[in-house]
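*Asks:* One structure is given below, represented as structure tokens, and several questions about it will come after.
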Amino acid sequence: MSLANRSLVTVDDLSNEEVEAVFSLADEMSEAMDKQSNVCQGKVMATLFAEPSTRTRLSFEAAMHRLGGSVISVAEAKTSSLAKGESLADMARVVGSYADIIVIRHPWEGAAKVVADYAGVPVINGGDGGHQHPTQTLCDLYTIKKERQTIKGLKIALWGDLKYGRTIHSLIFALAKFGANILFCPSPGLEVPEHVLEKLVTEYGGEVEKYEAQDQKAKDRLFPLDAIYTTPDSPHQLAMMPDVNLEVELKTGIDALYVTRPQKERFAATEEGQELKGKFPVVDKKLLKGKPFRKTLVMHPLPRVDELAYELDADPRSMYFKQAARGVPVRMALVALLLGTKEVPISREGDSLVQQVDYPIYKRDFGVRCPNPRCVSIQESEIRYLKPEFKIVNRKPLTLRCIYCEHGFEPKYIASSDWHEGRLVNKKYHSVDSHWARQIKPENLIVFNSESEAEARGFKPSRYARARS
Ligand code: CP
4 MSLANRSLVT
14 VDDLSNEEVE
24 AVFSLADEMS
34 EAMDKQSNVC
44 QGKVMATLFA
54 EPSTRTRLSF
64 EAAMHRLGGS
74 VISVAEAKTS
84 SLAKGESLAD
94 MARVVGSYAD
104 IIVIRHPWEG
114 AAKVVADYAG
124 VPVINGGDGG
134 HQHPTQTLCD
144 LYTIKKERQT
154 IKGLKIALWG
164 DLKYGRTIHS
174 LIFALAKFGA
184 NILFCPSPGL
194 EVPEHVLEKL
204 VTEYGGEVEK
214 YEAQDQKAKD
224 RLFPLDAIYT
234 TPDSPHQLAM
244 MPDVNLEVEL
254 KTGIDALYVT
264 RPQKERFAAT
274 EEGQELKGKF
284 PVVDKKLLKG
294 KPFRKTLVMH
304 PLPRVDELAY
314 ELDADPRSMY
324 FKQAARGVPV
334 RMALVALLLG
344 TKEVPISREG
354 DSLVQQVDYP
364 IYKRDFGVRC
374 PNPRCVSIQE
384 SEIRYLKPEF
394 KIVNRKPLTL
404 RCIYCEHGFE
414 PKYIASSDWH
424 EGRLVNKKYH
434 SVDSHWARQI
444 KPENLIVFNS
454 ESEAEARGFK
464 PSRYARARS
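As structure tokens, this is what we get:
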């Protein structure tokens, strides 16, 4: 099995065995860091960054230089033709004819998928809005493995902005794939989005249990725990403690505490307006003084602001600068493998816990569009050529998941192309919670999110068109 010519858009794009192959090559790269390599001599990397970055862009560029290749770079969207309204697809086609591999960071969720679909060369997602940041996750997993030799069965607490943190979303799925247990400790109002939890349960197995503290006092005294995810190997843990008592969880110790900064640049207007002081608990020596944290790895993708105290920098448990430094050998390994200039044996026998689900696809060039305002598929420059496309992840209630940004939502109205096509007088739409939701076959399904959307296509309300409240 080879990774040559593949792209890395989400953590789902690599199997556990492929991740292990990247890590074994990263070990090799790490040992030879002081020697100039020619593994990628003659190859060109394009780094296209439409959002600020220190670690991701510079570690990819350092990686390519160390591999003997060269780099062309756009460090700000305003210096590229994206600022003139050029579409991502056009840019991808053009840059794909200049470079052998592309690293893209963009604020639109799903942007890296679009670039990968059109570039014709391997594309690496360096962060697409609040969606995913898979190479940060490789650095995180590599660090955990280096320090603890395994990921399976570890107890990893995720702290801070779990709503908009793209490193968090990638890490959740990767930890689940490798069989870790996850404690969710969000800042108030920044809990893990429902669509991430839904995918975690349906495709990664295991269980997510919401934590209901006995009383607020107990909750304050402990840890701001919102929920616990246990892997399919150990859901019996939850059965043994119906109230998901964090004190029980803490007794056995936390293996890693992964802290994230509030992603203020992605906050909605209401969140921006909130008084933030005091709502982002700080990780400091005081918090980590208890027994459960004696061996806890303190991790952070960086950059940090106020959520992680500088007093921890000299603490042997602190891993964040190691995570950043390991970004170079990890990215050297990934680039060499995707370019096919290096190969390592990849076992086919795996113990991945992911269940591949072949969901029916919903794709029409009219009707419902992704409701996520940050989704690439609804942006003015992209709407001209991108058709809305969704996975039908549930029939009751009907739930669609956008193939670009992976947000899930429950639309309001449905119709059928089978019975109404060509017979305008019969073009009726129905409420999604009427019996029609079960009767219309996926291939005939037409979905609308509003009455006006349905009526603009010539559909009239049936007597089952009462909108859900
Ligand atoms: N961790 C991370 O993505 O850092 P940058 O934003 O500096 O690239």
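Under our numbering, the first residue of the sequence shown is numbered 4, with each subsequent residue one higher. Even glycine gets a Cβ: it sits at the ideal position worked out from N, Cα and C.
My understanding is that Y407 touches S384, with C-beta atoms under 8 Å, so please give their C-beta distance in whole angstroms.
*Replies:* About 14 Å; that fails the 8 Å criterion.
*Asks:* Can you list, in chain order, the residues of its chain with a C-beta nearer than 7 Å to that of L70? Leave out the 5 residues immediately preceding and following it.
*Replies:* Within the same chain, L70 has close Cβ partners S40, V42, C43, M335, V338, A339.
*Asks:* Measure the alpha-carbon distance for P445 versus V14 and round it to whole angstroms.
*Replies:* C-alpha separation (whole angstroms): 28 Å.
*Asks:* Which residues does DSSP list as the beta-bridge partners of I105?
*Replies:* According to DSSP, which records beta bridges pairwise, I105 is partnered with A49, V126.
*Asks:* Can you tell me whether Q139 sits near the ligand CP, meaning its C-beta is under 7 Å from at least one heavy atom of the ligand?
*Replies:* Q139: yes, Cβ under 7 Å from the ligand CP.
*Asks:* Whether or not the stretch 173-184 and the stretch 107-114 are in contact is what I'm after, with contact meaning three or more pairs of Cβ atoms, one per stretch, closer than 8 Å; do they touch?
*Replies:* Contact fails: fewer than three Cβ-Cβ distances are below 8 Å.
*Asks:* Measure the beta-carbon distance from F187 to L157 and round it to whole angstroms, keeping in mind my assumption that it falls under 8 Å.
*Replies:* Not confirmed; about 15 Å, so no contact.
*Asks:* Counting along the chain, where does the alpha helix (DSSP H) carrying L144 start and finish?
*Replies:* First-last of the alpha helix (DSSP H) with L144: 137-151.
*Asks:* In whole angstroms, what is the alpha-carbon distance linking R377 and G132?
*Replies:* Distance between the alpha carbons of R377 and G132 is about 7 Å.
*Asks:* Using beta-carbon positions only, say whether A102 and I127 come within less than 8 Å of one another.
*Replies:* No, these two residues do not count as a Cβ contact at 8 Å.
*Asks:* Express the C-alpha separation of T50 and G72 in angstroms, rounding to a whole number.
*Replies:* Computed Cα separation, rounded: 13 Å.
*Asks:* Examine the Cβ distances between the stretch 53-63 and the stretch 326-335 and report whether three or more of them are shorter than 8 Å.
*Replies:* Touching, yes, given that three or more Cβ pairs across the two stretches are closer than 8 Å.
*Asks:* Which residue wins for smallest C-alpha separation from P191, given the options G163, K180, E201, S350?
*Replies:* Looking at the Cα atoms, G163 is the closest of the given residues.
*Asks:* Are the CB atoms of A440 and L401 nearer to each other than 8 Å?
*Replies:* Yes, the Cβ-Cβ distance between A440 and L401 is below 8 Å.
*Asks:* Hey, out of D143, K345, K254, whose CA is closest to R297's CA?
*Replies:* Cα-wise, what sits closest to R297 is K254.
*Asks:* Hey, K202 and A230 are a contact pair by Cβ (cut 8 Å); roughly how many whole angstroms apart?
*Replies:* Actually they are not in contact, since the Cβ atoms of K202 and A230 sit about 15 Å apart, beyond 8 Å.
*Asks:* Return yes when the Cβ of R307 is within less than 8 Å of the Cβ of R367, no when it is not.
*Replies:* Cβ distance not < 8 Å, so R367 and R307 don't count as in contact.
*Asks:* Quick check: E54 and G168, are their CB atoms within less than 8 Å of each other?
*Replies:* No, these two residues do not count as a Cβ contact at 8 Å.
*Asks:* Just reading off the alpha helix (DSSP H) that W439 is part of, what are its end residues?
*Replies:* That run of the alpha helix (DSSP H) goes 439-442.
*Asks:* Assign A272 to buried or exposed, taking buried as 16 or more other Cβ atoms, counted over all protein chains shown, within 10 Å of its Cβ.
*Replies:* Looking at its Cβ environment, which holds fewer than 16 other Cβ atoms inside 10 Å, A272 is exposed.
*Asks:* So, helix, strand or coil for T263, using DSSP?
*Replies:* Here T263 sits in coil by DSSP.
*Asks:* Within 7 Å: the Cβ of R173 and any heavy atom of the ligand CP?
*Replies:* Here the sequence assigns Ser to residue 173, which means Arg is not the residue at that position. For the ligand CP, not one heavy atom lies less than 7 Å from the Cβ of S173.
*Asks:* Got a sec, what are the start and stop residues for the alpha helix (DSSP H) E31 sits in?
*Replies:* Looking at the DSSP string, the run of the alpha helix (DSSP H) that includes E31 is 19-34.
*Asks:* Is the beta carbon of P306 within less than 7 Å of some heavy atom of the ligand CP?
*Replies:* Under cutoff, so the answer is yes.
*Asks:* Looking at the secondary structure, which residues open and close the alpha helix (DSSP H) in which F176 lies?
*Replies:* Here the alpha helix (DSSP H) through F176 covers 169-180.
*Asks:* State the beta-bridge partners of G163 as determined by DSSP.
*Replies:* According to DSSP, which records beta bridges pairwise, G163 is partnered with P189.
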